[in-house]
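In UniProt numbering, the protein residues as written are 1 to 585. As structure tokens, the structure follows; a few thoughts come after it.
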Amino acid sequence: MILNEIRNIMKEKNIDFYIIPTKDPHGSEYLPDYYKEREFVTGFTGSQGTAVITGDEAYLWTDGRYFIQAAKEIKDFGFELQKEGQVGVLNYTDWISENIKEGMTLGLNAEYFSHKNFFSLSEKLKYKNVKIIDIDLISDLWKYRYPLPKDDAFLLDVKYAGKTSDEKISKIRKILENKKVDMTIVSSLVDIAWTLNIRGMDIKDTPVLISFMIIENDKVILFADREKTKSIEKEISDVVELRDYSEFYDYIKSYKDKKIYLDPNSINEKIYKGICEKNEIIFGNNISENLKAIKNEIEIENLEDTYVRDGVALFKYIYWLKKNAKNKIGEYEAGVMLDNLRAEDPLYISNSFETISAYGANAAMMHYHATRDKESIIEPKGFYLVDSGGQYYSGTTDITRTIAMGELTDEEVRDYTLTLKSHINLMDAVFLKGTYDLALDGIARYALWQERLDYKCGTGHGIGFVLSVHEGPHRISPRDPAVRMKENMIVSNEPGVYKENKYGIRIENIMRVVFDCKTEDSIFNKFKTISFCPFELKAIDANLLTDRQLEVLNSYHREVFTKLSPFFEGEILDYLRESTKEVIR
Numbered sequence: 001m002i003l004n005e006i007r008n009i010m011k012e013k014n015i016d017f018y019i020i021p022t023k024d025p026h027g028s029e030y031l032p033d034y035y036k037e038r039e040f041v042t043g044f045t046g047s048q049g050t051a052v053i054t055g056d057e058a059y060l061w062t063d064g065r066y067f068i069q070a071a072k073e074i075k076d077f078g079f080e081l082q083k084e085g086q087v088g089v090l091n092y093t094d095w096i097s098e099n100i101k102e103g104m105t106l107g108l109n110a111e112y113f114s115h116k117n118f119f120s121l122s123e124k125l126k127y128k129n130v131k132i133i134d135i136d137l138i139s140d141l142w143k144y145r146y147p148l149p150k151d152d153a154f155l156l157d158v159k160y161a162g163k164t165s166d167e168k169i170s171k172i173r174k175i176l177e178n179k180k181v182d183m184t185i186v187s188s189l190v191d192i193a194w195t196l197n198i199r200g201m202d203i204k205d206t207p208v209l210i211s212f213m214i215i216e217n218d219k220v221i222l223f224a225d226r227e228k229t230k231s232i233e234k235e236i237s238d239v240v241e242l243r244d245y246s247e248f249y250d251y252i253k254s255y256k257d258k259k260i261y262l263d264p265n266s267i268n269e270k271i272y273k274g275i276c277e278k279n280e281i282i283f284g285n286n287i288s289e290n291l292k293a294i295k296n297e298i299e300i301e302n303l304e305d306t307y308v309r310d311g312v313a314l315f316k317y318i319y320w321l322k323k324n325a326k327n328k329i330g331e332y333e334a335g336v337m338l339d340n341l342r343a344e345d346p347l348y349i350s351n352s353f354e355t356i357s358a359y360g361a362n363a364a365m366m367h368y369h370a371t372r373d374k375e376s377i378i379e380p381k382g383f384y385l386v387d388s389g390g391q392y393y394s395g396t397t398d399i400t401r402t403i404a405m406g407e408l409t410d411e412e413v414r415d416y417t418l419t420l421k422s423h424i425n426l427m428d429a430v431f432l433k434g435t436y437d438l439a440l441d442g443i444a445r446y447a448l449w450q451e452r453l454d455y456k457c458g459t460g461h462g463i464g465f466v467l468s469v470h471e472g473p474h475r476i477s478p479r480d481p482a483v484r485m486k487e488n489m490i491v492s493n494e495p496g497v498y499k500e501n502k503y504g505i506r507i508e509n510i511m512r513v514v515f516d517c518k519t520e521d522s523i524f525n526k527f528k529t530i531s532f533c534p535f536e537l538k539a540i541d542a543n544l545l546t547d548r549q550l551e552v553l554n555s556y557h558r559e560v561f562t563k564l565s566p567f568f569e570g571e572i573l574d575y576l577r578e579s580t581k582e583v584i585r
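Take a look at the structure:
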């Protein structure tokens, strides 16, 4: 067992506690396979979690999206599950603080810890005189480690991006000047990709290039695998100076007496340690983070067109699935069919995440993934959930539908309708300009809370443009930090009901923050839904909907028909018409 091998090395090197987070040197949410060390050690395949190993204990912390999945996956790896956010469960840093003894040694790989997280941990342990050492215990044990990807980088055309890299860099430099700093170092892959209009294939379904970037007053330096950038070198040579990725850590040690702007949430501790002694560090969010969150008019135009084409692919899929409901289709096979339909689009690059194709009880695991060897058959009854999206040159999509495969129980209809009520309430929200994202979360949850139901995840997340399907700084969630919503931010709307061993229900659309009206003393915003695919009429109890909710539902379905119908004819057009017919009591 790999756990025993790690403990042997810990004993040899006098390490009492060892932490393995789910990170790479860039603070990425999704990781290249090369960096999935926590998965290698614990067996847990989810996208979030932290493992802590001691001489006689081993725990995995993860959040409510993964409780069911994680418990199943870690049981043969020697780890026990710690359910983050549950009453009485300490987070992993507090648990270490409570259990580590005076003078002990804690090991971790500093490349996998943001400066903010490292500082917070070290502050908690300071009073116990704990020694924290930067050490990698995994690389030598991972004999068959995945290689790093080798695909070429490519440029995103300005007809899709809307602004040139020069325009973006100039904007960032102006902000740096206003902050009275000399330069910034950026490690976040999505921020580098956005700034330079460069994309890559280094993370599955997230088109980024593994790289570091430095922006100074008179030059921009990009550190990346030079083999990957050969194909774009001529086109970007006027904008950036190219250096090899392996040079980065030595290069930054040359800076002296500079005012350097860093994002403590993404810059890893090894970078910070390499520059902090000889330079003045000014902290703040990556400047590009706020800039890219507000989509420009060309991005919006592209996105809105992309969501129509994406909706066409999804509706074709639903039509195919319903017609073949009695043919014993497996979840994996079904998911591949949807992926193939998306791939027919000439602007398709890849999925935006691994398609979640989940029938019945499997859908209660929010991030369940069927495989060719391990899947359930989709039966002609109950619910099937599909959460999917695409990366296109013209934008990134994400949408979820819960589909009735046949007869439904009263409980299933009730829970679907409650989820729809929650979805519609947020979809229909009007809010004061500058409202915090956190304040909007309760609008969605209220319909479920009235029935004493809840979902253990956020209600919505920002979405990148040909970048990560999850993008900050904004989201709709009960958790801090709160961010003010601004016009042309893109956010998902995805409440749900998840009942273990029964079913999962999620309804997700994507929305844009738009202007609503100006009154005598206030300005109001609202949401405009930009993704289009019918809801499941068979699962709706109209008696549970208010008059306003019925009005919003029927209005949305009229728009769905208008947007999608030009792409269909014959039987599938008839089915679209039936799927968007008016709902009445």
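All C-beta atoms, glycine included, are put in the ideal place defined by N, C-alpha and C. Note that the structure is a prediction, hence the values are computed from the model and not measured.
When the Cα atoms are used, Y245 and S187 turn out to be separated by approximately 11 Å.
The C-beta separation of F44 from E73 comes to about 5 Å, placing the pair in contact by the 8 Å criterion. Beyond the five residues adjoining it in sequence on each side, T54 comes within less than 7 Å, by CB distance, of D16, F17 in the same chain, given in chain order. Linking T396 to G472 through their CA atoms gives a straight-line distance of about 14 Å. Between S122 and the set S468, I377, I100, the nearest pair of CA atoms involves I100.
Of all alpha-carbon atoms in F40, H461, N91, F154, the one lying nearest the alpha-carbon of Y146 is that of F40. Taking the C-beta atoms as reference points, K179 is found nearer than 8 Å to Y261. Under the three-state reduction of DSSP output, N268 falls in the strand class.
With contacts defined by Cβ atoms closer than 8 Å, K538 and V513 do not form a contacting pair. About 15 Å separates the Cβ atoms of A370 and F383, ruling out a contact at the 8 Å cut-off. About 7 Å separates the CB atoms of T435 and R484; that is less than 8 Å, so the two are in contact. Beta-bridge pairing by DSSP links Q82 to W61.
With fewer than 16 other Cβ atoms inside 10 Å of its own Cβ, K253 counts as exposed. Following the DSSP letters along the chain, one finds N178 in no beta strand (DSSP E) but inside the alpha helix (DSSP H) bounded by residues 165 to 178. If only uninterrupted alpha helix (DSSP H) runs of at least 4 residues are considered, those enclosed by the region 309 to 363 are 331 to 343. Of the candidates H557, F532, M10, the residue whose Cα lies closest to the Cα of D310 is F532.
Distances from the CA of D140 to each of I96, E37, G78 were compared; the closest alpha carbon is that of E37. In this structure, the straight-line span from the alpha carbon of K502 to that of F118 is close to 40 Å. In this structure, the straight-line span from the alpha carbon of I378 to that of I172 is close to 50 Å. In this structure, the beta-carbon distance from N279 to Y251 does not fall below 8 Å.
For E578, no beta strand (DSSP E) run applies; the uninterrupted alpha helix (DSSP H) run containing it begins and ends at 570 to 579, by DSSP. Around the CB of Q450, fewer than 16 other CB atoms lie within 10 Å, so the residue is classed as exposed. Spanning the alpha carbons of D134 and N265 requires a straight line of approximately 18 Å. Considering only L176, P478, A482, the residue with the shortest C-alpha distance to P495 is P478. In the structure shown, G200 adopts coil according to DSSP, grouped into three states. DSSP lists I505 as the beta-bridge partner residues of V497.
T195 and K381 have their C-alpha atoms some 48 Å from each other. Rounded to whole angstroms, the gap between the alpha carbons of Y498 and E508 is 14 Å.
Exclusion of the five residues before and after V560 leaves F532, C533, P534, T580 as the residues of its chain whose Cβ lies within less than 7 Å of its Cβ. When secondary structure is reduced to three states using DSSP, K433 falls in the coil class, being assigned neither helix nor strand. In the three-state DSSP reduction, V386 falls in the strand class (E or B). Put simply, of D63, T546, L564 the residue whose alpha carbon is nearest the alpha carbon of I530 is L564. Y261: member of the beta strand (DSSP E) spanning 259 to 262, first to last residue. Assignment of N525 by DSSP, reduced to helix, strand and coil, places it in the strand class. Put simply, the backbone Cα of Y112 is about 20 Å away from that of Y144. Shown here, R548 sits in a helix according to DSSP, grouped into three states.
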